[in-house]
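Everything on this sheet refers to the single structure shown next.
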Ligand SMILES: Cc1cc2nc3c(=O)[nH]c(=O)nc-3n(C[C@H](O)[C@H](O)[C@H](O)COP(=O)(O)OP(=O)(O)OC[C@H]3O[C@@H](n4cnc5c(N)ncnc54)[C@H](O)[C@@H]3O)c2cc1C
């Protein structure tokens, strides 16, 4: 059986859904093929009993107040015609980067971070202000194809290596597919989104965003097919024809946009001449705890804590199953409002995919239990006042990420080889999402919009 659409999108993650909405809005016939029974991809949700959990959402970056124009979040809402109020955004209280006992706090007001640098690293504050001034110059920056070291850029302004690592921690952790460093353009984009704009959480979590996207896409007549895995991207004379699904159906399309990752996409192309992009090395492990007390009842007010038990931050694939030197701790109760009536704590650390993939069933379970014990130890060290009773625990590993999203090696930030223009080298096969180089929920939504606007809608867009 063959079906024909203007555009076939592979994957119903954030970028695939944004691309689908944008294209359907301008009259294109669009089909999204999603291998799972749920949308959201890396940013999804699940339920255990009556408890609902987010998978990929620590915080929505790029927070701006209602009515603020010209920022990534406002641009996305305008392009997708989503009302700001429908997201019901709740701002973070404040977050902190903590190396042993030294901490710097930050919030959605950059003045807090500046005052914390002045207090803890007085000799660095002028350089830090200069860094911010240079970052503020840049507007609408896109990821770059040629790697230029962000460490070198920041080193011109900040001399203290511990402060440098403290600034880099949330940025690397929320968006770098390369170890230790990242490209300067990506650094600037992420610095703006984390420190100059800030964090919020939609009331209801990631489901709120996904429901809005799904309603939009359906109302515009788009077709989303769950449990339809693309097995092969079919080409003829170096031009894409369509894709073959796991049910044997061939979908023909004028364009195929893939959101599943660069190496993952190229591995589906049947051709001798495709490139073989590198597979990413960065994959996380996450422990979720439910306590009978909310953190604020134990005098814990931070929203996210980026913790290292050393003076430096090791952003690299660990040689052991889990990196025991650093953990980021997300406390969703500590956004300005949250629907959870229990205390929810999520701890995320870097992990080694190859080891997790090699564990047989009994060893896998035992290793997960070790992670739970390590996470409880970390909580004791970082928040000694936490005294609630543990009601529930769950762990998802790099292997879970691979199984549920298809990302090779469970690499959340994709390949270090990015395609900023989305062009794969095969005519009419485009790439959007993580491996275009825009990361996170806001970044990947923007990616789906940008790729559709640049390569498909501008060609015959009468609007
Ligand atoms: C633990 C964790 C925490 C995170 N925290 C945050 C955060 O706090 N804030 C933030 O902004 N971002 C966060 N992120 C990152 C964010 O989730 C991602 O950057 C973003 O969701 C990626 O979207 P995407 O569209 O590029 O790709 P994906 O979400 O990977 O979507 C790709 C989709 O394609 C589907 N697919 C794969 N192969 C096939 C195939 N062959 N056929 C059909 N379908 C296929 C997959 O099932 C998936 O649904 C986090 C991610 C993780 C894992």
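Residue numbers (this note's numbering): 22 to 484.
Quick reminder that beta carbons are idealized off the backbone N, C-alpha and C, glycines included.
From the options, residue whose alpha carbon lies closest to that of residue i
i	options	result
residue 457	443, 449, 470, 413	443
residue 345	361, 102, 396, 366	396
residue 402	120, 425, 69, 187	120
residue 358	222, 425, 372, 327	222
residue 52	89, 46, 156, 274	274
residue 103	229, 28, 58	229
residue 330	336, 348, 426, 60	348
residue 138	180, 279, 162	180
residue 98	32, 426, 466	466
residue 295	123, 115, 446, 112	446
residue 338	315, 453, 373, 321	373
residue 475	276, 270, 166, 54	276
Inter-residue spacing [alpha-carbon to alpha-carbon] between residue i and residue j
i	j	result
residue 218	residue 158	15 Å
residue 299	residue 437	6 Å
residue 370	residue 192	14 Å
residue 188	residue 350	17 Å
residue 482	residue 323	Any reading at residue 482 must be qualified, since the residue scores a pLDDT of 37, below 50, and its modelled position is unreliable; no value is offered.
residue 468	residue 387	39 Å
residue 132	residue 60	38 Å
residue 118	residue 360	26 Å
residue 376	residue 203	25 Å
Exposed unless 16 or more other CB atoms sit within 10 angstroms - verdict on residue i
i	result
residue 353	buried
residue 455	buried
residue 226	buried
residue 419	buried
residue 37	buried
residue 449	buried
residue 260	exposed
residue 484	Unreliable placement is indicated for residue 484, whose pLDDT of 35 sits below 50; no coordinate value is reported for it.
residue 100	buried
residue 247	exposed
residue 75	buried
residue 364	buried
residue 45	buried
residue 112	buried
Any non-hydrogen atom of ligand 1 within 8 Å of residue i CB
i	result
residue 453	yes
residue 310	no
residue 373	no
residue 342	no
residue 67	no
residue 465	yes
residue 324	no
residue 265	no
residue 51	no
residue 280	yes
residue 224	no
residue 433	yes
residue 475	no
residue 458	no
residue 56	yes
residue 60	yes
Cutoff 9 Å: residue i Cβ touching any chain C Cβ
i	result
residue 196	Here there is only one protein chain, and chain C is not present.
*Are the region 376-396 and the region 304-321 touching by the rule of at least three beta carbon pairs closer than 8 Å?*
Judged by Cβ distances under 8 Å, the region 376-396 makes contact with the region 304-321, as three or more pairs qualify.
_Contact between the region 200-219 and the region 64-71 is defined here as three or more beta-carbon pairs at a separation below 8 Å; is this criterion met?_
The region 200-219 makes no contact with the region 64-71, as fewer than three CB pairs between them are under 8 Å.
*Give a yes or no on contact between the region 248-255 and the region 144-154, applying the rule of three or more CB pairs nearer than 8 Å.*
Judged by pairs of C-beta atoms under 8 Å, the region 248-255 does not touch the region 144-154, as fewer than three such pairs exist.
*Between the region 375-389 and the region 34-50, do at least 3 Cβ pairs fall closer than 8 Å?*
Result no; under three Cβ-Cβ pairs closer than 8 Å.
*Decide if the region 412-431 is in contact with the region 171-180; the criterion is three or more beta carbon pairs, one per stretch, under 8 Å apart.*
No contact exists between the region 412-431 and the region 171-180.
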